[in-house]
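A short worksheet on the structure shown next.
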Amino acid sequence: MKNRTLMLGNEAIALALIENGCRVAASYPGTPASEILSSVARLGKELGVPMYAEWAVNEKVAFEVAYTAAVTGLRAAVAMKQVGLNVASDPLMSAAYSGVRGGFLVVSADDPGPHSSQTEQDSRLMAMLAKVPVLDPDSPAQARELVAAGFDLSERFAVPVMIRPTTRVCHACQDILPGGVLPHDAKAEFVKEPSRWAATPVFRNRLHKELCDKLARIAEWGPTAPVLWNPEASGTRAVVASGVAAAHAREVLEGLGLWEKVPFYQVVQPFPLHASFVNHVLEWYDELLVLEEPAAVIEMQLLDRRRVRGKATCAVPEAGELLPETVERVIAGFAGTAPAVPVAQGPQPPGRRPTLCAGCPHRASFYAIRRAAPGGIYPSDIGCYTLGLNLGAVDTVLCMGAAIGQAAGFHHAYRLSGRAVDIVATIGDSTFYHAGLPGLIDATVQGARFVLVILDNSMAAMTGFQPTPASGAGAAGEPTGVVDMEALVRACGVRFCKVGLPSRFEEFVGLLKEALAWSHENGVAVVIAREPCVMAPGASGKRPPAAKPAVTDACTGCRHCLTQFECPAIGFDEAAGRASIDATLCTGCGVCRHVCPVGAIRGGEGEEPR
Amino acid sequence: MKFGCLDRPAEESPAARMQLLVSGVGGQGVLFVSRLLAEAAIGRSLSVVTSEIHGMAQRGGTVVSHLKVGGFPSPLIREGHADGLIVLREENLRPHGRFLSTSGWAVVNSASAAGEGCAFPVHVVDAEGIAREAGYPRGANLVLLGFLLARLGSLEDGGRFFCTPADLRVALDRRFGKNPRALEESLGALASGIRHGKG
């Protein structure tokens with residue numbers, strides 16, 4: 001790898017981890033962070049670096065595994081999306097106090113927009129809460145440099161360091177010149193120190209004071225200090241920005257001809273903000289405009305409300321992605337000039353909404369749930385199958401694992417109100433292992449009554465087909481141990497646990513009805529809908545070429561299949577006034593034959609509808 | 611120390627700066643097209659940055675990729691600043707037209723007369739039809755690229771596009787070199803697009 005190579009931001013982060021001697025890396029997949037760990041595993045193998053990379057069962061465990069490697073003196077990293085950091089927040093808060101010996105990076109990817117997340121929360125606020133420094137890259141190339149700086153910072157101050165990329169860094173591609181792998185021959189050695197690694201509250205107080213002292217010194221640390229990009233600019237109003245907003249600002253300042261006029265500072269360490277920088281900019285400038293996302297982290301550390309413009313003064317939008325058009329409008333207004341091109345205001349067209357893939361087994365499961373429990377309540381969870389929304393079979397999506405806790409919540413609330421209702425919860429297999437198990441234990445122990453359908457496609461599909469604890473394969477494809485889903489379900493106290501194939505549609509509907517009847521009398525019934533993801537690498541090669549169903553003359557053009565089943569392979573032939581099946585998209589699953597109210601879809605393989 | 615400016619190539623020719631928006635729906639190869647063009651840029655020693663959207667949007671939803679060649683710090687194109695719009699799905703042509711600059715153009719994959727009444731020049735080609743006919747049903751994206759390159763011509767030959775068909779062939783070879791069948795199909799699709807662009 002000697003030439004400049006096109007790299008995704010997440011690949012650049014992975015490359016930097018390996019170049020800088022990271023020995024242990026762990027993660028749980030989540031957009032936009034998913035490609036970090038898979039790239040670490042791939043690059044580590046390619047470059048022959050002895051290291052351990054794992055897809056952990058959840059972010060908390062991933063954090064604990066990687067952190068402990070840093071406790072033994074190795075360099076280590078944990079990667080996740082911002083809501084994953086919520087799951088890992090417990091060890092984060094505590095690890096900040098106990099500190100590290102080897103460098104330890106917490107890569108937490110934010111998703112302003114949000115493009116693929118429940119919230120627009122700012123991981124930098126979590127860094128503040130935990131009292132750990134955070135570095136905020138503006139591009140893949142800078143993310144790579146900040147990984148190196150982060151390891152250095154972490155080891156110098158014996159503290160976890162957060163790297164906070166955003167979607168526009170993780171999923172930007174840039175030309176990168178790979179370097180060499182730095183020699184790192186650290187060996188794991190745990191030095192017992194109970195007052196640190198097992199600190200009781202009295203020692204925690206001392207560790208907290210130690211941490212505050214570290215932070216004060218980090219706020220003076222030269223290598224991560226803010227940078228003035230255009231020292232020749234002489235204006236009395238300055239722009240301060242971090243992350244990708246800084247990249248937008250640089251381009252906009254040049255585009256508007258303001259580069260020689262408006263001093264522009266880039267902050268790479270938003271917390272703790274350098275004390276001398278705060279004093280300097282507040283003393284020197286009449287007004288400051290702060291551009292960052294998603295929250296006002298730098299802004300709140302610039303404690304002069306009369307001169308600082310930003311989110312708190314409504315000069316910058318508080319919610320939504322800070323797009324370059326917005327940055328241009330805000331900077332132009334701040335500098336008293338006009339934008340180069342007037343931007344059309346008003347709502348943009350929403351575009352085509354995502355949908356479950358053609359032949360996706362989840363579509364059959366959701367359609368079967370609607371048929372077995374019409375009028376029921378359908379709590380669901382995080383994953384591809386959230387798209388069951390389009391089929392009217394997903395009523396709630398809260399956070400990882402919540403389908404089960406919410407199903408129990410619906411049961412208790414309705415029972416208390418003397419009302420009967422069918423409750424059918426859906427959760428993916430990876431999500432079930434991640435955070436579903438405690439909910440299931442609670443539900444059976446407390447006697448909740450509902451049906452839980454575990455949509456088991458044997459992988460974390462939406463984030464890029466990562467393995468689950470039942471896959472038997474690790475991050476680099478190496479063999480791993482496995483868990484037995486049915487045994488786990490039963491061990492949680494569930495007495496009804498059956499496996500079905502959603503593509504055997506009528507049979508599957510029957511199984512759901514049986515589970516519903518049982519649950520109303522007895523407790524939680526679990527149905528495992530087990531069928532592989534059609535998009536998984538190699539899946540199409542494994543499938544025998546299937547005969548495809550077709551729409552016959554019996555079609556009345558009612559569009560039921562389009563609106564209620566929404567398979568991408570089903571279209572509508574306006575000229576003929578009837579539905580049509582695109583044979584190149586169709587996988588031949590044949591479930592649509594069961595969907596047509598007049599039985600006009602015939603042919604293909606498998607059982608014909610009854 | 612200025613982070614992010616340590617690892618950049620030398621001066622770039624402003625003529626080769628180009629901002630392109632690639633637009634389609636999940637599964638059409640939007641990310642493939644933008645990465646291929648980015649690799650072609652690297653082959654010409656130009657710096658490049660793209661911005662992609664992953665995750666749920668890739669499940670058949672609208673997918674857009676921003677591609678900026680020649681020393682841009684921001685990964686996103688501002689509305690009114692794109693030089694070109696590459697549209698794999700006709701329905702995206704009008705909504706994404708707002709990104710084009712006053713001298714911008716669009717190329718669109720469509721079997722019908724798309725782009726009538728647009729305020730910018732629209733080059734239409736039935737890339738899917740051509741790909742199907744030529745026996746590369748999954749190659750519509752490359753047909754569209756070949757057509758585009760032939761229609762606009764490269765900067766090198768006095769045209770308007772930053773790279774040449776040869777640059778794309780090198781990028782395809784790097785990508786599919788180990789898979790002769792995929793390489794042959796992709797080169798074939800590119801060539802049929804070029805033929806239609808010249809015609």
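Protein chains in written order, with my numbering: chain L, 1 to 610; chain V, 611 to 809. In this text, a Cβ means the ideal position worked out from N, Cα and C, and glycines have one as well.
In chain V, which residues lie less than 7 Å from residue i when you measure between Cβ atoms?
i, result
"L/Asp175", "Ile652, Ser657 and Val658"
Using a cut-off of 8 Å between C-beta atoms, extract the partners of residue i located in chain V.
i, result
"L/Gly351", "Gly671, Thr672, Asn702 and Pro705"
Could you have a look at residue i and say whether DSSP puts it in helix, strand or coil?
i, result
"L/Ser39", "helix"
"L/Cys558", "coil"
"V/Ser655", "coil"
"L/Phe432", "helix"
"L/Arg250", "helix"
"L/Arg126", "According to the sequence displayed, residue 126 of chain L carries Met and not Arg. Three-state result, L/Met126: helix."
"L/Met400", "coil"
"V/Asp617", "Confidence is the limiting factor: at V/Asp617 the pLDDT is only 44, short of 50, which leaves the residue's position unreliable and the question unanswerable from this model."
"L/Cys212", "helix"
"L/Pro379", "strand"
"L/Phe465", "coil"
"L/Gly405", "helix"
"L/Val49", "coil"
"L/Leu302", "coil"
"L/Val654", "Any answer about residue 654 of chain L is impossible in this case: the structure gives chain L only from 1 up to 610."
"L/Gln446", "coil"
"V/Met611", "Confidence at V/Met611 is low in this model, with a pLDDT of 45, below 50, so the placement of that residue should be treated as unreliable; the coordinate-derived value is given next. In the structure shown, V/Met611 sits in coil (DSSP, three-state: anything other than H, G, I, E or B)."
"L/Met162", "strand"
"L/Pro479", "strand"
"V/Arg761", "helix"
"L/Arg309", "strand"
In the DSSP output, what is residue i paired with across the bridge?
i, result
"L/Val78", "L/Ala26 and L/Val106"
"V/Ser675", "V/Val632"
"L/Phe496", "L/Ala525"
"V/Val734", "V/Val718"
"V/Gly694", "V/Leu630 and V/Trp715"
"L/Arg578", "L/Asp573"
"L/Val227", "L/Gln266"
"L/Glu54", "L/Ala26"
"L/Leu455", "L/Gly428 and L/Ala529"
"L/Ile13", "Partner(s): none; L/Ile13 has no beta bridge."
"V/Asp777", "V/Asp777 pairs with nothing; no bridge assigned."
"V/Thr660", "L/Cys173 and V/Leu677"
"L/Leu135", "L/Ile163"
In chain L, which residues lie with their C-beta within 9 Å of the C-beta of residue i?
i, result
"V/Arg761", "Per Cβ cutoff of 9 Å: no residues; V/Arg761 is ~25 Å from chain L at best."
"V/Pro747", "Thr584"
"V/Ala648", "Leu6, Cys173, Gln174 and Asp175"
"V/Arg770", "Chain L residues near V/Arg770: none, gap ~20 Å exceeds 9 Å."
Exposed or buried, which one is residue i when buried takes at least 16 other CB atoms within 10 Å?
i, result
"L/Gln406", "buried"
"V/Trp715", "buried"
"L/Arg4", "buried"
"L/Asn205", "exposed"
"V/Glu689", "buried"
"L/Trp229", "buried"
"L/Gly604", "buried"
"V/Glu743", "exposed"
Looking at the secondary structure, which residues open and close the alpha helix (DSSP H) in which residue i lies?
i, result
"L/Val509", "Phe505 to Asn522"
"L/Asp152", "Pro140 to Phe157"
"L/Leu182", "Taken as a continuous stretch (DSSP letters only), L/Leu182 belongs to no alpha helix (DSSP H), as it is neither H nor E."
"L/Met485", "Met485 to Ala491"
"L/Val71", "Glu59 to Val71"
"V/Ile687", "Run containing V/Ile687: none; DSSP gives neither H nor E here."
Can you pull the chain V neighbours of residue i, defined as C-beta to C-beta under 9 Å?
i, result
"L/Ala247", "Gly614, Val659, Phe682, Pro683, Ser684, Pro685 and Leu686"
Please list, in chain order, the chain L residues whose beta carbon lies closer than 7 Å to that of residue i.
i, result
"V/Ile804", "Residues of chain L passing the Cβ test: none, with the nearest at roughly 23 Å."
"V/Ile663", "His115 and His171"
"V/Gly636", "Pro354"
Just curious, the beta strand (DSSP E) that residue i is in, first and last residue?
i, result
"L/Glu287", "Glu287 to Leu291"
"L/Ser242", "Arg237 to Ser242"
"L/Pro549", "Pro549 to Val551"
"L/Gly603", "Ile601 to Gly603"
"L/Leu6", "Thr5 to Leu8"
Interface residues of chain L around residue i at Cβ under 8 Å?
i, result
"V/Arg645", "Leu6 and Cys173"
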